[in-house]
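Engineer: Going by this note's numbering, the sequence shown runs without a break in its numbering and finishes at 460.
Using N, Cα and C, we set each Cβ at its ideal position, and we do this for glycine too.
A quick note: this is a predicted structure, and the numbers were derived from the prediction, not measured.
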Amino acid sequence: MIFFRRYLVFVYIISLFVDMFNGYCRMFLNIEPVFPLIYKGAIILFSLPYVLRQKKILLCFLIFALILSIDMVSWVVHSHLEGLTVLFNELIRLVYPFFVFSVVWYYRNITNKDELLHYAMYYGLFLSTSVCVTAFLGVGANSYGDDFGYGTKGLFTAGNDLSLSILLSFCICMYYLMQKGTIKYVLYSLPFIIVSLLIGSTAIMIGTIAILSILTLIPFVYRYQYSKTFYLFRYALLCLGLPLIIYLMYRITQTDSYTMNKFNVHKLLAGSARKGLADAYYAFSSTFDTADMIFGVGPEKLYYGVGYIFFGTIEQKQIEVDHLTLWGFYGYFLGTLILLYPLPALINYMRRWTLLSIWMVIALLLFFFHGIFAGHAYTSTTACIPLMMILIASIYQDNEYNNNIIYDEQY
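Have a look at this one:
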């Protein structure tokens with residue numbers, strides 16, 4: 050148990066300092082540090098024995114490795130695989146959360162839902178607080194350009210990954226605010242709300258408004274003995290908080306022409322935030338033969354192909370649309386399997402009507418739709434780390450449901 054908790058600290062707390070170090074080196078020193086890759090590699094090596102000890106998890110990993118090996122044979126035969134650096138980086142992103150999942154799953158019977166979800170919540174709370182602190186000190190990197198756009202992403206390199214991770218953790222915080230109803234979770238919610246006004250991404254602004262709006266509406270549809278603290282927080286949100294947040298977000302959208310265009314309502318409704326990149330993918334994928342559609346073309350070939358169409362020059366470009374990225378990388382078969390891995394947890398949550406299930410379904414839907422429309426979900430280790438706790442917490446769903454039955458019988 051001591052090892053397990055230390056492991057969680059390394060994955061959910063210390064890793065964030067490593068990411069900040071990585072961001073500082075890349076954005077301010079213009080160097081690519083090796084240490085973050087070594088750190089994640091060490092986590093994977095420490096996790097490997099837990100994959101080997103569990104038959105079902107080992108079977109899943111072997112099936113994945115077999116399909117990936119077949120894909121790679123196709124890439125070699127069709128001359129898609131020219132180097133291993135890009136492939137190695139993408140595979141680390143993909144398997145790192147799986148290895149973390151395997152360790153947490155191994156210890157699931159000696160821990161509990163609250164401990165696991167709190168690690169995921171503190172993960173997002175640290176992200177939010179660090180962005181707020183660096184913004185206050187004036188040392189954070191801009192979310193977009195130096196002379197256009199609005200927002201800061203602190204010392205983290207990927208603003209969209211950051212936004213989704215914070216939203217997932219915010220859902221967990223709101224669950225505990227409703228369930229426990231203590232002032233502690235009200236205070237925890239403040240950095241989440243403040244950072245939504247600092248990062249400047251469309252996803253975190255819309256997501257935060259949606260989460261807070263849902264918080265105010267749930268008492269109308271779900272019976273529970275909510276605390277006075279929660280009702281005061283809800284009343285403050287309805288009377289002052291939400292109107293003020295919406296007004297401030299509106300003011301942010303008027304920062305400059307770039308930001309106004311990014312928040313254009315017609316474009317948002319049309320889902321065209323990644324339209325240019327998606328069109329470049331479709332143009333490139335129109336050249337795929339049957340083997341390419343089934344087995345993919347690998348990350349390097351995909352990035353160069355999309356980059357050439359998007360820029361007109363030979364350079365790499367990420368698509369930032371997760372389902373297209375995964376289909377292009379690994380083909381329709383393996384790519385679709387990866388897209389569907391959160392589905393069992395989603396189904397399990399939807400079987401029961403509890404506060405836990407409501408908020409975890411919201412979190413899973415945010416993850417899925419963020420990946421479809423904005424990317425940086427399935428392909429992000431930053432976002433997948435809190436997701437792992439949300440997936441594993443689904444096994445405690447029946448306990449939550451039984452406790453709710455006891456409450457209904459008493460009241």
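Thinking C-alpha only, which one of Ser-151, Leu-78, Tyr-156 and Asn-138 is nearest Ala-190?
Structural biologist: Translated into the one-based positions of the sequence shown, residue 190 becomes position 141. For the residues Ser-151, Leu-78, Tyr-156 and Asn-138, the minimum Cα distance to Ala-190 belongs to Leu-78.
Engineer: Quick check on the DSSP output: the beta strand (DSSP E) that includes Lys-277 runs from which residue to which?
Structural biologist: The residue you call residue 277 lines up with position 228 of the sequence shown. Unbroken run through Lys-277 is the alpha helix (DSSP H), 277-285; no beta strand (DSSP E).
Engineer: Residues in the same chain with beta-carbon distance under 8 Å from Thr-265, minus the five sequence neighbours each way, listed in chain order, please.
Structural biologist: As a position in the sequence shown, residue 265 is number 216, starting the count at 1. Taken in chain order, the residues that qualify are Arg-283, Leu-286, Leu-287 and Leu-291.
Engineer: Might you give, ordered along the chain, the residues of its own chain that have their beta carbon closer than 6 Å to the beta carbon of Leu-370, omitting 5 neighbours on each side?
Structural biologist: By one-based count along the sequence shown, residue 370 stands at place 321. According to the sequence shown, residue 370 is Val rather than Leu. Result list for Val-370: Arg-323, Ala-327 and Gly-424, in chain order.
Engineer: Would you give the residue range spanned by the beta strand (DSSP E) that Lys-105 belongs to?
Structural biologist: For this step, residue 105 is matched to residue 56 along the sequence shown. No beta strand (DSSP E) holds Lys-105; the alpha helix (DSSP H) holding it covers 104-126.
Engineer: Using a 10 Å radius around the Cβ and a threshold of 16 neighbouring Cβ atoms, would you call Met-309 buried or exposed?
Structural biologist: Against the sequence shown, residue 309 aligns to sequence position 260. Flag for Met-309 reads exposed.
Engineer: Are the Cβ atoms of Ile-396 and Leu-413 separated by less than 8 Å?
Structural biologist: Translated into the one-based positions of the sequence shown, residue 396 becomes position 347. Translated into the one-based positions of the sequence shown, residue 413 becomes position 364. Contact: no.
Engineer: In the DSSP assignment, what are the bridge partners of Ala-190?
Structural biologist: If you number the sequence shown from 1, residue 190 lands on position 141. DSSP, once it has assigned bridges, lists Gly-203 as partnering Ala-190.
Engineer: So, His-419 versus Ala-252, is the Cβ gap smaller than 8 Å?
Structural biologist: Translated into positions along the sequence shown, residue 419 becomes position 370. Translated into positions along the sequence shown, residue 252 becomes position 203. Yes, the Cβ-Cβ distance between His-419 and Ala-252 is below 8 Å.
Engineer: Quick one: what does DSSP say Glu-131 is sitting in, helix, strand or coil?
Structural biologist: As a working note, residue 131 is residue 82 in the sequence shown. The answer is coil: DSSP assigns Glu-131 none of H, G, I, E or B.
Engineer: Assess, as a yes-or-no matter, whether the stretch 53-71 is touched by the stretch 117-130 under the definition of 3 or more beta carbon pairs within less than 8 Å.
Structural biologist: Judged by Cβ distances under 8 Å, the stretch 117-130 makes no contact with the stretch 53-71, as fewer than three pairs qualify.
Engineer: So, for Phe-53: in the same chain, excluding its five sequence neighbours on each side, which residues have a beta-carbon less than 6 Å away from its beta-carbon?
Structural biologist: The residue you call residue 53 lines up with position 4 of the sequence shown. Excluding sequence neighbours, Phe-53 sits near Tyr-156.
Engineer: Below 8 Å CB to CB, which residues in the same chain sit around Leu-217 once its five sequence neighbours on both sides are set aside?
Structural biologist: Here the question's residue 217 lines up with position 168 in the sequence shown. Closer than 8 Å at the Cβ level, and outside the excluded window around Leu-217, lie Ala-169, Gly-173, Ala-412, Leu-415, Phe-416, Ala-432, Pro-435, Leu-436 and Ile-439.
Engineer: By the 10 Å Cβ neighbour count, where 16 or more other Cβ atoms means buried, how is Ala-442 classified, buried or exposed?
Structural biologist: For the purposes of this step, residue 442 is identified with residue 393 of the sequence shown, where counting begins at 1. Classification for Ala-442: buried.
Engineer: Is the CB-CB distance between Leu-236 and Ile-301 below 8 Å?
Structural biologist: Counting from one through the sequence shown, the residue named residue 236 turns up at place 187. Counting from one through the sequence shown, the residue named residue 301 turns up at place 252. No. Outside cutoff.
Engineer: Classify Gly-325: buried if its beta carbon has 16 or more other beta carbons within 10 angstroms, exposed otherwise.
Structural biologist: As a working mapping, residue 325 is identified with position 276 in the sequence shown. Label assigned to Gly-325: exposed.
Engineer: CA-CA distance, Gly-384 and Val-410?
Structural biologist: Looking up residue 384 in the sequence shown gives position 335. Looking up residue 410 in the sequence shown gives position 361. Those two C-alpha atoms are separated by around 22 Å.
Engineer: What's the gap between the Cα of Leu-97 and the Cα of Thr-278?
Structural biologist: The residue given as residue 97 occupies position 48 in the sequence shown. The residue given as residue 278 occupies position 229 in the sequence shown. Spanning the two alpha carbons is a distance of roughly 44 Å.
Engineer: Please confirm whether Glu-139 and Pro-348 have their CB atoms less than 8 Å apart.
Structural biologist: On the sequence shown, position 90 is the one that residue 139 refers to. On the sequence shown, position 299 is the one that residue 348 refers to. Yes.
Engineer: Does the beta carbon of Thr-178 fall short of 7 Å from some heavy atom of the ligand GDP?
Structural biologist: With respect to the ligand GDP, the structure offers nothing, as it holds no ligand at all.
Engineer: Do you know whose CA, among Lys-89, Val-153, Ala-184 and Tyr-171, lies nearest Ile-141's CA?
Structural biologist: As a first step, residue 141 must be located in the sequence shown, where it is residue number 92. Minimum Cα distance to Ile-141 is reached at Lys-89.
Engineer: Are Phe-475 and Leu-351 close, meaning C-beta to C-beta below 8 Å?
Structural biologist: What the structure shows of the chain is the stretch from 50 to 460, and residue 475 is not part of that stretch, so it cannot be assessed.
Engineer: Identify whether Arg-55 lies in helix, strand or coil by the three-state DSSP scheme.
Structural biologist: Counting from 1 along the sequence shown, the entry for residue 55 is found at position 6. It is helical.
Engineer: Spatial neighbours of Ala-332 within its chain, please: CB distance less than 8 Å, with the 5 preceding and 5 following residues excluded, ordered by chain position.
Structural biologist: Here residue 332 is taken as the residue at index 283 of the sequence shown, counted from 1. Contacts found: Ile-358.
Engineer: In terms of alpha-carbon separation, which member of Phe-137, Leu-281, Ile-215 and Leu-289 lies closest to Thr-257?
Structural biologist: Walking along the sequence shown from the start, residue 257 turns up at place 208. Per the Cα distances, Ile-215.
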